[in-house]
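So the protein sequences, as listed, match chains A, B, C and D. With our numbering applied, the first sequence covers 230 to 371. With our numbering applied, the second sequence covers 230 to 371. With our numbering applied, the third sequence covers 230 to 371. With our numbering applied, the fourth sequence covers 230 to 371. Right, one structure below, let's go through it.
There are 4 protein chains.
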Amino acid sequence: MRDMNRHQHPTTRQVCSHARVRYAETDQMGVVYYANYLVWFEVGRTDWLRQAGFTYRDLEASGIVLPVIEVRCEYRQPARYDDDLEIRTSGTLLSGVRVQFDYEIVRRATGVVAAAGRTVHASVDSAGRPARLPARVKDLFE
Amino acid sequence: MRDMNRHQHPTTRQVCSHARVRYAETDQMGVVYYANYLVWFEVGRTDWLRQAGFTYRDLEASGIVLPVIEVRCEYRQPARYDDDLEIRTSGTLLSGVRVQFDYEIVRRATGVVAAAGRTVHASVDSAGRPARLPARVKDLFE
Amino acid sequence: MRDMNRHQHPTTRQVCSHARVRYAETDQMGVVYYANYLVWFEVGRTDWLRQAGFTYRDLEASGIVLPVIEVRCEYRQPARYDDDLEIRTSGTLLSGVRVQFDYEIVRRATGVVAAAGRTVHASVDSAGRPARLPARVKDLFE
Amino acid sequence: MRDMNRHQHPTTRQVCSHARVRYAETDQMGVVYYANYLVWFEVGRTDWLRQAGFTYRDLEASGIVLPVIEVRCEYRQPARYDDDLEIRTSGTLLSGVRVQFDYEIVRRATGVVAAAGRTVHASVDSAGRPARLPARVKDLFE
Numbered sequence: 230m231r232d233m234n235r236h237q238h239p240t241t242r243q244v245c246s247h248a249r250v251r252y253a254e255t256d257q258m259g260v261v262y263y264a265n266y267l268v269w270f271e272v273g274r275t276d277w278l279r280q281a282g283f284t285y286r287d288l289e290a291s292g293i294v295l296p297v298i299e300v301r302c303e304y305r306q307p308a309r310y311d312d313d314l315e316i317r318t319s320g321t322l323l324s325g326v327r328v329q330f331d332y333e334i335v336r337r338a339t340g341v342v343a344a345a346g347r348t349v350h351a352s353v354d355s356a357g358r359p360a361r362l363p364a365r366v367k368d369l370f371e
Numbered sequence: 230m231r232d233m234n235r236h237q238h239p240t241t242r243q244v245c246s247h248a249r250v251r252y253a254e255t256d257q258m259g260v261v262y263y264a265n266y267l268v269w270f271e272v273g274r275t276d277w278l279r280q281a282g283f284t285y286r287d288l289e290a291s292g293i294v295l296p297v298i299e300v301r302c303e304y305r306q307p308a309r310y311d312d313d314l315e316i317r318t319s320g321t322l323l324s325g326v327r328v329q330f331d332y333e334i335v336r337r338a339t340g341v342v343a344a345a346g347r348t349v350h351a352s353v354d355s356a357g358r359p360a361r362l363p364a365r366v367k368d369l370f371e
Numbered sequence: 230m231r232d233m234n235r236h237q238h239p240t241t242r243q244v245c246s247h248a249r250v251r252y253a254e255t256d257q258m259g260v261v262y263y264a265n266y267l268v269w270f271e272v273g274r275t276d277w278l279r280q281a282g283f284t285y286r287d288l289e290a291s292g293i294v295l296p297v298i299e300v301r302c303e304y305r306q307p308a309r310y311d312d313d314l315e316i317r318t319s320g321t322l323l324s325g326v327r328v329q330f331d332y333e334i335v336r337r338a339t340g341v342v343a344a345a346g347r348t349v350h351a352s353v354d355s356a357g358r359p360a361r362l363p364a365r366v367k368d369l370f371e
Numbered sequence: 230m231r232d233m234n235r236h237q238h239p240t241t242r243q244v245c246s247h248a249r250v251r252y253a254e255t256d257q258m259g260v261v262y263y264a265n266y267l268v269w270f271e272v273g274r275t276d277w278l279r280q281a282g283f284t285y286r287d288l289e290a291s292g293i294v295l296p297v298i299e300v301r302c303e304y305r306q307p308a309r310y311d312d313d314l315e316i317r318t319s320g321t322l323l324s325g326v327r328v329q330f331d332y333e334i335v336r337r338a339t340g341v342v343a344a345a346g347r348t349v350h351a352s353v354d355s356a357g358r359p360a361r362l363p364a365r366v367k368d369l370f371e
C-alpha cells in the first residue's frame with residue numbers, strides 16, 4: 230500500500246466533502262470504527278459526481294450501477310467523536326468499464342490525514358452484466 | 230412504556246435467537262450503541278418467521294413487504310462487547326394489514342433483560358399500497 | 230404514540246440540522262433502514278447542545294454521560310437515498326437527572342415529515358451512577 | 230490484490246465462523262453494502278482468537294489493543310439478504326508488534342467466495358504507544 234496514492238492515470242480533479250464524526254461511528258476503543266471510513270469514501274465519490282453536475286441517483290435511474298470490486302484503506306491516525314473531517318476525492322477512468330476513486334480523510338483542526346484509501350468500481354447494468362460507461366460519465370473523468 | 234410488554238391480543242409463540250455483540254456495535258461509552266438493538270429486533274422477527282417455516286425473503290419475493298411504522302425500545306442495562314445475547318420475539322396480528330412484534334434482549338450470562346421493545350409493521354405491496362396479509366402469513370400469528 | 234409530540238413541559242428552542250441520506254443507510258427495500266433514523270436523532274441532539282454553546286464531547290470530558298433509556302420513532306413516509314433531510318430537535322428537562330429530546334425528520338424537497346421520534350436520557354457519572362445535571366446544562370433547557 | 234491470499238509467513242490455522250446476512254446490512258442495490266464485509270472480518274478474527282482459548286475482550290482488559298492499520302477487500306460475488314455465510318480466518322505474526330489476518334467470506338449454499346480480504350494490526354498500549362505482543366498471544370500464531 231506504500232504507493233496507493235500514486236496513479237498511472239492522470240487524475241481530473243479533487244473534490245472536498247465534509248463530515249462530522251457521529252457517536253454511532255465510534256467504538257469502545259474511543260475512536261472511529263474502521264469500517265466507517267468506507268462510508269465516508271461513499272460520501273466523497275457521491276459528491277465528486279455531484280460537483281460534476283451529475284448524481285449517482287441519476288446514474289442508477291439510467292440503469293447503470295457502479296459496485297465496488299476492490300477497496301483498500303490505510304489508517305494513519307484515529308479520527309474521534311465530533312471531529313470535523315474533510316474527505317478529498319479524486320477519480321480516474323481505468324477503462325470503459327472500470328473507474329477508480331482515491332480518498333484522503335483529513336482532520337480539519339490539524340490538517341493531519343487520518344486515513345487514505347482507494348475503491349475500484351465495475352460498471353454494470355441492472356442485471357449485473359458489464360456495461361460500458363455512458364460517454365457523459367466517462368467525460369467527467371477527463 | 231410501562232406496559233409495553235402487555236398485549237391486548239394473545240401472542241402465539243415466543244422464538245429465541247442468539248447474537249454475540251460485535252465490536253462494530255459498541256460506541257465510545259463502552260456499551261452497545263442504542264440504534265443497534267433495532268438490528269437485533271430485525272434478527273428476532275426474521276427468526277420468528279423462519280421457525281414457522283417461512284422466510285421474510287420468500288414474503289418479499291411474493292410481493293409483500295412489512296415496513297416498520299413504529300418502534301419503541303426501553304434500555305434497562307447496557308449490553309457490552311462480546312456479550313452473548315438471547316433475543317426473545319413474539320408476534321401479534323393487529324389487523325389484516327398490521328402486525329406487531331415484541332422483543333426482549335437478554336444477556337445470557339446473567340439472565341438480565343438489557344432492553345425490551347416493540348415494532349409495528351404495515352403490510353404493503355411493492356408499490357407501497359396497503360395489502361392484506363396472505364392467509365398463510367396470518368395463520369402464523371394464530 | 231399519537232401524542233408523542235405534545236409535551237407537558239415547555240420546550241426551550243428548536244434546532245435544525247441537516248443530513249443527506251447515504252447509500253450505506255438504505256436497505257434492499259430501496260428506502261432508509263429504520264434503525265438509521267436513530268443516528269440522525271443523535272446528530273440532532275448533538276447540534277442542539279452545540280448551538281447552545283456546549284458540546285456533548287465537553288460534557289463527557291466533565292464526567293457526565295447521557296445514555297438513552299427510551300426511544301420511540303414513528304415512520305410516516307420513507308426517506309430515500311440522496312434525500313436532503315432536515316432534523317428538527319427540541320429539548321425538555323424532565324428532572325434533575327432526566328432529559329428528553331423530540332425530533333422530526335423532514336424531507337427538504339417536499340417539507341413532508343418522514344419520521345418523528347423521542348429519546349429520554351438519564352444523567353449518569355462515568356461509573357454509571359445517577360448524577361445531577363450540572364447547572365450550566367440544566368440552564369440550556371430553560 | 231491478485232496475490233493477497235499468498236503469505237510469506239506460514240499460517241497457523243484457519244477458523245470458520247458463521248453469519249447470516251441481516252436486512253440492515255443490505256443496500257438499495259439489493260446486495261450487502263461493501264463496508265459490512267469488514268464487520269464480518271472482525272467477527273472472524275474475534276473467533277480466531279477465541280478458538281485458541283483467548284478472547285479479544287481479555288486482551289483489551291490486559292491493556293493491549295490491536296487497531297487495524299490497513300485493510301483490503303476484493304468483492305467477487307455479492308452476498309444477499311438472508312444468505313448463510315462462512316467466514317474463514319487465518320492469522321499471521323508479522324513482527325513483535327504487527328499481526329495480519331486473512332479472510333474469505335463464502336456463501337454456504339454454493340461454496341462460492343463472495344469476498345476475500347486482509348487486515349493488518351498494530352499492537353499498542355492504552356496510550357496508543359507500540360507495545361510488544363504478550364508471549365501467550367504470539368504463541369497463538371505459531
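Glycine is no exception: its CB is placed at the ideal position from the N, C-alpha and C atoms.
Would you please state the rounded distance, in angstroms, between the beta carbons of residue 295/A and residue 247/A? I believe it to be under 8 Å.
On the first sequence, residue 295/A is found 66 positions in, with the first residue counted as 1. On the first sequence, residue 247/A is found 18 positions in, with the first residue counted as 1. Rounded, the Cβ-Cβ distance is 23 Å, inconsistent with contact.
Leaving out the 5 sequence neighbours to the left and right, which residues in its chain are closer than 8 Å to residue 237/D when beta-carbon positions are compared?
The sequence position of residue 237/D within the fourth sequence is 8, counting from 1. Summary for residue 237/D: the model assigns pLDDT 48, below 50, so the residue's position carries little reliability, and this model does not support an answer.
To test your reading of the DSSP string, which unbroken alpha helix (DSSP H) runs of 4 or more residues are found completely within the region 244–324 of chain D?
The region 244–324 of chain D contains these whole alpha helix (DSSP H) runs: 265–279 and 285–290.
Among 362/B, 369/B and 284/B, whose alpha-carbon lies nearest the alpha-carbon of residue 327/B?
Here residue 327/B refers to the residue found at position 98 when the second sequence is read from its first residue. Selected option, being the one with the closest Cα: 362/B.
Between residue 338/A and the rest of its own chain, which residues show a CB-CB distance below 8 Å, the 5 nearest in sequence each way excluded?
Within the first sequence, residue 338/A is the residue found at index 109, counting from 1. Correct list, in chain order: 312 and 313.
In terms of residue numbering, what span does the alpha helix (DSSP H) encompassing residue 364/B cover?
In the second sequence, residue 364/B corresponds to position 135, counting from 1. Note, residue 364/B: alpha helix (DSSP H), 364–367.
Residue 308/C: which of 345/C, 352/C, 355/C and 318/C sits nearest, CA to CA?
Counting from 1 along the third sequence, the entry for residue 308/C is found at position 79. The candidate whose alpha carbon is nearest that of residue 308/C is 345/C.
For a contact meaning CB atoms closer than 9 Å, what does residue 257/B contact in chain A?
Mapped onto the second sequence, residue 257/B falls at position 28. Near residue 257/B (Cβ distances below 9 Å), the residues of chain A are 252, 255, 256, 257, 258, 259, 260, 309 and 310.
Which chain D residues sit within Cβ distance under 9 Å of residue 264/C?
As a working mapping, residue 264/C is identified with position 35 in the third sequence. The answer, in chain order, is 253.
Can you tell me which residues form a DSSP beta bridge with residue 333/A?
Taking the first residue of the first sequence as position 1, residue 333/A is located at position 104. Answer is 317/A and 345/A, bridged to residue 333/A.
Does the region 245–261 of chain C come within contact of the region 258–276 of chain D, defined as at least 3 CB pairs closer than 8 Å?
Yes, the region 245–261 of chain C touches the region 258–276 of chain D.
With a Cβ-Cβ cutoff of 8 Å, do residue 273/C and residue 316/C count as a contact?
In the third sequence, the residue the question calls residue 273/C occupies position 44. In the third sequence, the residue the question calls residue 316/C occupies position 87. Result yes, Cβ atoms of residue 273/C and residue 316/C sit closer than 8 Å.
Please report the distance separating the alpha-carbon of residue 301/C from that of residue 336/B.
Along the third sequence, one-based indexing puts residue 301/C at 72. Along the second sequence, one-based indexing puts residue 336/B at 107. Roughly 23 Å between the two C-alpha positions.
Which bits of chain C does residue 301/B rub up against, with CB to CB less than 9 Å?
One-based indexing of the second sequence puts residue 301/B at position 72. In chain order: 230, 299, 300, 301 and 302.
Could you say which of 280/A, 271/A and 266/A lies nearest to residue 370/A if we only look at CA atoms?
Locating residue 370/A in the first sequence gives position 141, counting from the first residue. The shortest Cα separation from residue 370/A among 280/A, 271/A and 266/A belongs to 280/A.
Do you know how far the Cα of residue 320/B is from the Cα of residue 242/B?
Stepping through the second sequence from its first residue, residue 242/B is reached at position 13. Stepping through the second sequence from its first residue, residue 320/B is reached at position 91. If I take the Cα positions, the gap works out to 7 Å.
What do you get for residue 356/C, buried or exposed, if any count of 16 or more other CB atoms within 10 angstroms of its CB means buried?
The residue given as residue 356/C occupies position 127 in the third sequence. By the neighbour-count rule (16 or more Cβ atoms within 10 Å), residue 356/C is not buried but exposed.
Cβ of residue 244/D less than 8 Å from any chain A Cβ?
In the fourth sequence, residue 244/D corresponds to position 15, counting from 1. Cβ-Cβ to chain A under 8 Å: no for residue 244/D.
What residues in the region 354–366 of chain C bring their beta carbon closer than 7 Å to a beta carbon of chain B?
Hits within the stretch: zero.
Taking the alpha-carbon positions, what's the residue 325/A to residue 288/A distance?
As a working mapping, residue 325/A is identified with position 96 in the first sequence. As a working mapping, residue 288/A is identified with position 59 in the first sequence. Those two C-alpha atoms are separated by around 15 Å.
To the nearest angstrom, report how far apart residue 330/C and residue 271/C are at their CA atoms.
In the third sequence, residue 330/C corresponds to position 101, counting from 1. In the third sequence, residue 271/C corresponds to position 42, counting from 1. Cα-Cα distance, rounded: 10 Å.
Anything in chain C within Cβ reach of residue 286/A, meaning under 8 Å, just list it in chain order.
Numbered from 1 along the first sequence, position 57 holds the residue referred to as residue 286/A. Going along chain C in sequence order, the residues near residue 286/A (Cβ under 8 Å) are 310 and 311.
Give a yes or no on whether the minimum CB-CB distance between residue 326/C and chain B is below 8 Å.
Within the third sequence, numbered from 1, the residue matching residue 326/C stands at position 97. False, the Cβ-Cβ gap to chain B never drops below 8 Å.
In the DSSP assignment, what are the bridge partners of residue 327/D?
Translated into the one-based positions of the fourth sequence, residue 327/D becomes position 98. In the DSSP output, where bridge partners are listed per residue, residue 327/D has 324/D and 351/D.
Do you know how far the Cα of residue 304/C is from the Cα of residue 340/C?
Residue 340/C sits at position 111 when you count from the first residue of the third sequence. Residue 304/C sits at position 75 when you count from the first residue of the third sequence. One C-alpha to the other measures close to 15 Å.
Which term fits residue 251/A, buried or exposed, when burial requires 16 or more other beta carbons within 10 angstroms of its beta carbon?
For this step, residue 251/A is matched to residue 22 along the first sequence. By the 10 Å Cβ count, residue 251/A comes out buried.
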